[in-house]
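I have placed the structure first, in the form of structure tokens, so that the comments after it can refer back to it.
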Amino acid sequence: MTLETQNLQVAVNGKKILHDISVKFPAGRRTAIIGPNGAGKSTLLKAIAALNRDIEGQILLDGRDIGSFGRRELARQMAILPQGTMAPADVTVENLVEYGRFPYRSFFTQDREADQRAVKWAMETAQIADFAPRRVQDLSGGERQRVFLAMVLAQQPEILLLDEPTTYLDIANQLQVMDIVQDLHREQQITVIMVLHDINHALQYADEVIVLQDGRVRAQGEPREVLTVKCLRDIFHVEADVFANGRGQEIIFPLRKVK
1357 MTLETQNLQV
1367 AVNGKKILHD
1377 ISVKFPAGRR
1387 TAIIGPNGAG
1397 KSTLLKAIAA
1407 LNRDIEGQIL
1417 LDGRDIGSFG
1427 RRELARQMAI
1437 LPQGTMAPAD
1447 VTVENLVEYG
1457 RFPYRSFFTQ
1467 DREADQRAVK
1477 WAMETAQIAD
1487 FAPRRVQDLS
1497 GGERQRVFLA
1507 MVLAQQPEIL
1517 LLDEPTTYLD
1527 IANQLQVMDI
1537 VQDLHREQQI
1547 TVIMVLHDIN
1557 HALQYADEVI
1567 VLQDGRVRAQ
1577 GEPREVLTVK
1587 CLRDIFHVEA
1597 DVFANGRGQE
1607 IIFPLRKVK
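Right under this line is the structure:
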């Protein structure tokens, strides 16, 4: 399933945030959207998910404008895990994950067996099956984030949108979430588009990066080709070393802010 934007411009509260964004997201690949604070990363992700309708230009899913999709129809194709997701009070893990099945349910049509299989698969994939009867509010931050991830996986989308999925998590939980997404991509060949704050996560977990600055695309390509010392200085305003570790993985080590 192809996804692209053409001359996309997005305004929030009347202020133009994104300017003339024309990008293609490779199907079956993991794309990281990165950039400084205020670059428009989350705004771009929300626009792709049709959460912001104050746009100019086009967002095309398999050549079809996303504005022509119904809510349930689009939710069967794309799922988004936004920042700061909250759960209703006293809801259990299993019940929350079941919310992800809303695109497949209506007053006239329900397939309980299919729903149960999808919920079971989503909880196992997100490594939360043992938490099923527990209340979401009683879980740790890392556990809750995996519950919300399971909820969007229960939608069984072809495109998964993640808005800074590791924010506020400790290192171990960050890696667990990113490894789950990596394994999912490897097994399902799902398209993943994720806003990432950690540049090293982009190097390790993305096939392609899109660099935003001031609401414009400054670079797009493979992480090793894009995330150079010059890019880090010009876009992120830091001096940094880029080197390979013992396993051949590139690592970015920030040294100082460029004045």
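Start counting the sequence shown at 1357; every next residue gets the next number (the working numbering).
All residues carry an ideal CB built from backbone N, CA and C; glycine is no exception.
Buried/exposed call for residue i, threshold 16 Cβ in 10 Å
i: Gln1501; result: buried
i: Tyr1524; result: exposed
i: Met1507; result: buried
i: Arg1457; result: buried
i: Pro1444; result: exposed
i: His1652; result: Look at the range of the chain in this structure, 1357 to 1615, and you will see that residue 1652 is not part of it.
i: Gln1439; result: exposed
i: Val1475; result: buried
i: Glu1412; result: exposed
i: Phe1381; result: buried
i: Glu1480; result: exposed
i: Phe1487; result: buried
Beta-bridge pairing of residue i - partner residues as DSSP gives them
i: Pro1610; result: Ala1596
i: Ile1566; result: Ile1389, Gln1576
i: Val1551; result: Ile1389, Asp1519
i: Ile1377; result: Leu1364
i: Ile1436; result: Leu1517
i: Asp1421; result: Leu1416
i: Arg1491; result: Thr1448
Start-to-end residues for the beta strand (DSSP E) that takes in residue i
i: Thr1387; result: 1386-1390
i: Glu1412; result: 1411-1417
Neighbour flag for residue i against chain C, beta carbons, 8 Å
i: Thr1481; result: Within the model displayed, chain C is absent; a lone protein chain is all it includes.
Residue i - containing alpha helix (DSSP H), residue span
i: Leu1430; result: 1427-1431
i: Val1449; result: 1449-1454
i: Met1442; result: Taken as a continuous stretch (DSSP letters only), Met1442 belongs to no alpha helix (DSSP H), as it is neither H nor E.
i: Ser1398; result: 1397-1404
i: Leu1583; result: Segment: none, Leu1583 is in no alpha helix (DSSP H) and carries neither H nor E.
i: Ala1470; result: 1468-1481
As assigned by DSSP and simplified to three states, the class of residue i
i: Gln1538; result: helix
i: Lys1615; result: coil
i: Ser1496; result: coil
i: Ala1528; result: helix
i: Met1507; result: helix
i: Arg1457; result: helix
i: Leu1359; result: strand
i: Val1502; result: For clarity, residue 1502 is Arg in the given sequence; the question names Val instead. Helix.
Beta-carbon proximity list for residue i, same chain, < 7 Å, skipping 5 on both sides
i: Asn1601; result: Ile1607
i: Glu1595; result: Arg1589, Leu1611, Arg1612, Val1614
i: Ile1527; result: none
i: Gln1545; result: Gly1384
i: Glu1514; result: Met1357, Gln1433, Ile1546, Thr1547
i: Pro1459; result: Arg1428, Ala1431, Arg1432, Gln1511
Cut-off 6 Å between Cβ atoms - residues of its own chain near residue i, not counting five sequence neighbours on either side
i: His1541; result: Arg1386, Val1548
i: Leu1518; result: Leu1437, Met1550
i: Ala1367; result: Asp1410
Close beta carbons around residue i, own chain, < 8 Å, minus the five adjacent residues each side
i: Ala1470; result: Tyr1460
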